[in-house]
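Enquirer: Attaching a single structure in C-alpha cells format; questions to follow.
Shown next, in the form of C-alpha cells:
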C-alpha cells in the first residue's frame, strides 16, 4: 500500500513537472484606429501551419509549442500582416502583448487591378480568362509585382497558363472542365466579398487540394470570418470600364450563432480605353452562416455576377498605321450610338452549401455541395449571299492591291531566290486603286449597321419604277451569339487532422457532373423577316444544318447552325501528409482523377450526316499525381524550400472534340498530358528584410491544342476553290519547357519607408516537333460523297510542325520591378515603381512550319523558288520590343468617430508608353509562295495581328468604412 501510494505521488509529481514545462504563446489583437479587440483574426505558427483564431476579447493562445526558433504571423483580410520571430524555450510562457493591426493598403490596391482576359485573343466560347486574378491578394512581394505591375502586360508566372493552377471557393474547384481555366468574371466586381484568400506557390502543399504546377488560390466566403461593419466605395477609371459603385455589409457572429454578409456592385462604361468597348456589369453576393454549438456550422453562399462587355479587335500593322492603336473594327454607328458586334455576355450564378464539422480539437471535415448554371455568349455577324461586313476585310484595305502578283514570263522568278511570279502592286492603275481604297477605308473604317439593315430589305416601287419605300425581306446579315449554357453540379469533402505534434493529414474527394449545351442563338435579324438555316457555301443536303429539320427559316431567339451537348463526369481524390520538426518539415501527397467525356449531337449536319447526330463514343482518362517537398530551417530567419511534382492531366473538353460544332469526331490517339517539375527557394524572413530567390523547371508533354481559321492554298484539290477553306487545326504531342529564376525582396529602411524589388527571368520554349492535322469541311463535303461511311475523311495529317526551340507566345519572359513606398504615421502613403518587361514573342502558326508549307498544292512538288535562307527568314518568330512602365500609387484615410474615410489613387504607365501585349500570325497564306509574295511586296495583306496594352490610365477609389 505504501509502495502504491508512493508510486502515485511520484507519478503526480512527474505530471506536475511536465505540465510546468508546457510552452505557451499568446497575444491580444486590436484595430489600430478604433483600439477595439478584433475577433476571428488568424494567427499561424509557420513551422507547423497550425492556425488559431482570436476570441471576442481579441486573444489567441498557442499551447505546446516546440522548442527552438519559431515565427508567428497574425493576419486577416483588410489588415497588414505582422510577423513575430521568437526563441521558444521549454516551459516558457510568452505574451506578445497588444498587437495593433493597421489597414492594409494593398487591399485598396486590389480594387484597382483591372484584369486583361485571354478572350481578347480569340473568339472561342470557353469564357475562361487568363489574368492576374490568381495573384490579387498574395502577400509575396514577387507575386504582388506580377499582379499589379506586370499583369496588364499579360505576364504569366513561370510561363504557365491558369489551367495549371487551381482556384477554389470554399474548397470547391472553380476551373472549368471545358478548358481548365477559372472564369474570373463569375465573381467579378465582388472584391470586398472575396478578400479572404489563401495561396500556395508552385506545387507547394495546400490544405484543400492536390494542386498543380502554378499553385492554388482558395477564396473563403464563410460569413463568420468577415470583419463586421459596412463598407461603401465609388471608383472612376479609364480602363475597361469608367465607373464602379460597391457596398458591403458584414454582421459578425451574433449571440444566436448567426452571421451574414451581403455585397453588391455595378461597373459600367459607354466606352472603355479602346474604341467601342462598352461595359456593363452587376454583381451580388450573399453569405449566411449558422453555428450549431461548437462543432457544427452551415454556410450558404450565393454569387451572381452578370457581365456584358464589347471586345476590341486585333489589328495588322497596316490598319494600326492608318487609324491608330485604339482602333476597333468591331463597332459601328447606329442611331447616333456606337454599337459593338462582338459582345461577350456572362451570366452564371453560383449556389453553394457548406458544412463545417469540428470533429475534435485536432480534426475537421468540410463538406460542400455547389450548383452553377447560366450562360456565356459571344456575339458576331453572320451573312449569306452578301459582302463581308468587316471593315478590315483584306479586300477593303490598300494592301490587297499593293501586294498583288501575276504569272511571270521570266523563268528566273521560279528559280531559287525568286518570288514565283511578277509583282504588279506598283503598277500605276493599281496604285491609283490602292490610294482610293486607303481613303475610303479611313473615311468608312467602322461597321456599316445602316447598310446591313438596308440590305435586309427590298425596294418598293411605284408604277413608274421609282423607289417609294423599302420592305423587310429575308436577312442577308444577322447578329447571333455562340452560346454555352452550363449546368454543373459539384460535391466534395475535405478532411484535416493533426494526428500528432509532428504529423498532419489532409485528404479530400470531389465529384463533378457537367452538361454543357452549345448552340448558335439568333439575336437580331437586323430589320429582316427571317434567316435561312443553311451554310450557303455548300449546296443540297450538305448545306443543311440539320437534316432532321431541313430548310428551316429562323427568327430571333431560335437555335440554328449547330446544336450539341458536351457531357462530362470527374472524380478527384487526394491525400497529403505533412511532417514538421524543429529544423525541417516535409510533405508527400498523391491524387487520382477519373474523367469521362462525351458529345451528344442534337443536329444531323448535312456534311457529317453519319457522324453528327446522337452520342459520340465516350472517352475516359485515368490520371495520377505525386508530389513531395521539404523546408530546411537554416536558422529562424533563413530557410531552404524544395518542391517536386509528377502528374498526368486529362485533355480538356475543348481539345477532345476538334470539330465539336459539326461532328462527333475525337482527336485521333488522344491521351493525357504528362507534367513534371520542381523548384528550389532560398527564403529570408528578418524583421526588416524579406526575400525569396527561386529557381524552377517544368515540362508539359503530350499536350493538345485546337484553333480555327481560314487558309488558302492549303491542300491539293481538283477545284482550286477547294484548297481554300475554313479549317479546324489540331496540334497534338506538344511538349513545352519552362525554366528560370524569380526573385522578390522587400526591405523596411525605416518604419515609414519600404523598398521592393522583383525580377523574373525565364526561358519558355517548345521542346519538340508536334503533329498537325486539320479538319477541312470543304474537302469533307467532296470526299464523303464518294465515301459516305468514312467519318474521318475530313481530317488530313500534315505531319510534324518544326516548332522545337520556338518561344512560347503571349507573355514577357523577362520582367523586372523596383519600387519604393512611404507610409506616414498619419495614415497617408505614396508609392512608385518602375518596370521593364521584355522577351515577348508572337504566336506562330504550326501549319506554316510543316513540310506541306513548301509544297505547291497544284503539282504536289516543292516550289522551285525555295531557298533555306529565305525559308528561315519567313518563319523566324517575331520578338516584340521591350518596354519600361512607371506606375504611381497613393492614398489617405481619416478616422472620424467610429468611421474611416479614405481614398486610393493610381496612375499606370505614367509616360504613356506604347507596347504590344500579344499577337498571332495569320495562316491564311498557308504555303511558301503565297507567304513569300505577300511579305516581299512590302505591304503584306495578311500580316500578323497584334494586341496593344493600355497607355496612361488612372484609377481613383473613394471609400467609407462604418
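Numbering (the numbering used here), first residue to last: 1039 to 2000.
Using N, Cα and C, we set each Cβ at its ideal position, and we do this for glycine too.
#1: Please tell me whether residue 2053 and residue 1392 are closer than 8 Å, where the distance is taken between their beta carbons.
#2: Please work out which residues of its chain come closer than 6 Å, Cβ to Cβ, to residue 1195, disregarding the five sequence neighbours upstream and downstream, and give them in chain order.
#3: If we count the other Cβ atoms within 10 Å of its Cβ and call it buried at 16 or more, is residue 1532 buried or exposed?
#4: Counting C-beta neighbours from all protein chains within 10 Å, is the total for residue 1095 16 or more, i.e. buried, or is it exposed?
#5: Quick check for students: name the residue ranges of the alpha helix (DSSP H) that lie wholly in the region 1436 to 1464, counting only runs of 4 or more.
#6: Taking 8 Å as the CB-CB limit, is residue 1562 close to chain C?
#7: Assuming residue 1400 and residue 1535 are in contact, meaning their beta carbons sit under 8 Å apart, how far apart are those beta carbons, in whole angstroms?
#8: Tell me which residue opens and which closes the beta strand (DSSP E) that residue 1798 is part of.
#9: Keeping to the same chain, check which residues put their C-beta closer than 7 Å to that of residue 1125; ignore five residues upstream and five downstream.
#10: In whole angstroms, give me the CA-to-CA distance for residue 1515 and residue 1417.
#11: Quick one, are the C-beta atoms of residue 1961 and residue 1885 less than 8 Å apart?
#12: Could you tell me which residues DSSP pairs with residue 1075 in its beta bridges?
#13: Three or more C-beta pairs under 8 Å: does that hold for the region 1294 to 1302 against the region 1353 to 1366?
#14: Looking only at DSSP bridge pairs, what is residue 1684 linked to?
#15: Under three-state DSSP, which class holds residue 1361?
#16: Just the C-alpha distance for residue 1398 and residue 1994, rounded to the nearest angstrom, thanks.
#17: Please report the residue range of the beta strand (DSSP E) in which residue 1549 lies.
#18: Can you tell me whether DSSP reads residue 1236 as helix, strand or coil?
#19: Return the residue from the list 1709, 1541, 1469, 1565 that minimises the CA-CA distance to residue 1491.
#20: Can you name the residues that DSSP bridges to residue 1922?
#21: The alpha helix (DSSP H) with residue 1692 in it runs from where to where?
#22: Expressed to the nearest angstrom, what Euclidean distance is found between the alpha-carbon atoms of residue 1660 and residue 1693?
#23: Terminal residues of the continuous beta strand (DSSP E) containing residue 1937?
#24: Have a look at the DSSP bridge pairing and note the partners of residue 1297.
#25: How close, in whole Å, do the beta carbons of residue 1657 and residue 1704 come, if the pair is a contact with beta carbons under 8 Å?
#26: Using a Cβ-Cβ cutoff of less than 8 Å, which residues in the same chain neighbour residue 1480 once the five nearest sequence positions on both sides are dropped?
#27: Spatial neighbours of residue 1133 within its chain, please: C-beta separation below 6 Å, excluding the five flanking residues on both sides.
#28: Classify residue 1081 as buried or exposed, calling it buried when 16 or more other Cβ atoms lie within 10 Å of its own Cβ.
#29: If I measure Cβ to Cβ from residue 2002 and keep anything under 8 Å in the same chain, skipping five residues before and after, which residues do I get?
#30: Would you decide whether residue 1330 is buried or exposed? Buried here means 16 or more other CB atoms lie within 10 Å of its CB.
#31: My output table needs one value for residue 1490: the three-state DSSP class, helix, strand or coil.
#32: From residue 1388 to residue 1411, what distance separates their C-alpha atoms?
#33: Would you kindly work out how many angstroms separate the C-alpha atoms of residue 1921 and residue 1951, rounded to a whole number?
#34: Does the distance from the CB of residue 1190 to the CB of residue 1806 come in under 8 Å?
#35: Mind the definition here: the region 1788 to 1805 touches the region 1840 to 1857 only if three or more C-beta pairs lie below 8 Å; say whether that holds.
#36: Take residue 1530 as the anchor and find which of 1540, 1616, 1548, 1538 has the nearest alpha-carbon.
Expert: In short:
#1: Outside the displayed range of the chain (1039 to 2000) lies residue 2053, so it cannot be described from this structure.
#2: Reading the chain shown from its first residue, position 157 is the one you call residue 1195. Correct list, in chain order: 1184.
#3: Locating residue 1532 in the chain shown gives position 494, where the first residue counts as 1. Label assigned to residue 1532: buried.
#4: Position 57 of the chain shown, counted from the first residue, corresponds to residue 1095. With a 10 Å radius around the Cβ and a threshold of 16 neighbouring Cβ atoms, residue 1095 comes out exposed.
#5: 1437 to 1440
#6: Here chain C cannot be found, since the structure has a single protein chain.
#7: Position 362 of the chain shown, counting from 1, holds the residue named residue 1400. Position 497 of the chain shown, counting from 1, holds the residue named residue 1535. 6 Å between Cβ atoms; contact.
#8: Counted from its first residue, the chain shown places residue 1798 at position 760. Here the beta strand (DSSP E) through residue 1798 covers 1791 to 1804.
#9: As a position in the chain shown, residue 1125 is number 87, starting the count at 1. Only 1107 meet the Cβ criterion.
#10: For the purposes of this step, residue 1515 is identified with residue 477 of the chain shown, where counting begins at 1. For the purposes of this step, residue 1417 is identified with residue 379 of the chain shown, where counting begins at 1. So the alpha carbons of these two residues sit roughly 13 Å apart.
#11: Numbered from 1 along the chain shown, position 923 holds the residue referred to as residue 1961. Numbered from 1 along the chain shown, position 847 holds the residue referred to as residue 1885. Yes; because the gap between Cβ atoms is below 8 Å, this pair is in contact.
#12: One-based indexing of the chain shown puts residue 1075 at position 37. DSSP lists 1068 as partners of residue 1075.
#13: no
#14: Locating residue 1684 in the chain shown gives position 646, counting from the first residue. DSSP output for residue 1684 lists 1664, 1714 as bridge partner(s).
#15: Position 323 of the chain shown, counting from 1, holds the residue named residue 1361. Of the three classes helix, strand and coil, the one that applies to residue 1361 here is helix, per DSSP.
#16: Sequence index remark: in the chain shown, residue 1398 carries index 360 (1-based). Sequence index remark: in the chain shown, residue 1994 carries index 956 (1-based). So the two alpha carbons sit approximately 47 Å from each other.
#17: Reading the chain shown from its first residue, position 511 is the one you call residue 1549. Residue 1549 -> beta strand (DSSP E) spans 1541 to 1562.
#18: Counting from one through the chain shown, the residue named residue 1236 turns up at place 198. Shown here, residue 1236 sits in a strand according to DSSP, grouped into three states.
#19: Reading the chain shown from its first residue, position 453 is the one you call residue 1491. The residue with the shortest Cα to Cα distance from residue 1491 is 1565.
#20: Sequence index remark: in the chain shown, residue 1922 carries index 884 (1-based). In DSSP, residue 1922 forms a bridge with 1874.
#21: What you label residue 1692 is simply residue 654 of the chain shown in a count that begins at 1. Looking at the DSSP string, residue 1692 is not in any alpha helix (DSSP H), and its letter there is neither H nor E.
#22: Counting from 1 along the chain shown, the entry for residue 1660 is found at position 622. Counting from 1 along the chain shown, the entry for residue 1693 is found at position 655. Rounded to whole angstroms, residue 1660 to residue 1693 spans 17 Å at the Cα level.
#23: Position 899 of the chain shown holds residue 1937. Residues 1937 to 1946.
#24: Here the question's residue 1297 lines up with position 259 in the chain shown. Paired residue(s): 1327.
#25: Counted from its first residue, the chain shown places residue 1657 at position 619. Counted from its first residue, the chain shown places residue 1704 at position 666. Sure, about 6 Å apart at Cβ, within 8 Å.
#26: Working through the chain shown from its first residue, we reach residue 1480 at position 442. 1360, 1361, listed in sequence order.
#27: Position 95 of the chain shown, counting from 1, holds the residue named residue 1133. Only 1064 meet the Cβ criterion.
#28: Taking the chain shown and counting its residues from 1, the one referred to as residue 1081 is at position 43. Result: buried.
#29: Here the chain covers residues 1039 to 2000 and nothing more, so residue 2002 does not appear.
#30: The residue labelled residue 1330 in the question sits at position 292 within the chain shown. Flag for residue 1330 reads exposed.
#31: Position 452 of the chain shown, counted from the first residue, corresponds to residue 1490. The answer is helix: DSSP assigns residue 1490 an H, G or I state.
#32: Residue 1388 sits at position 350 when you count from the first residue of the chain shown. Residue 1411 sits at position 373 when you count from the first residue of the chain shown. Computed Cα separation, rounded: 7 Å.
#33: Position 883 of the chain shown, counting from 1, holds the residue named residue 1921. Position 913 of the chain shown, counting from 1, holds the residue named residue 1951. Cα to Cα, the separation comes out at about 8 Å.
#34: Here residue 1190 corresponds to residue number 152 of the chain shown, with the count starting at 1. Here residue 1806 corresponds to residue number 768 of the chain shown, with the count starting at 1. Contact: no.
#35: As far as the Cβ criterion goes, the region 1788 to 1805 touches the region 1840 to 1857, which means the pair count is three or higher.
#36: In the chain shown, residue 1530 corresponds to position 492, counting from 1. Comparing alpha carbon positions, the residue from 1540, 1616, 1548, 1538 closest to residue 1530 is 1548.
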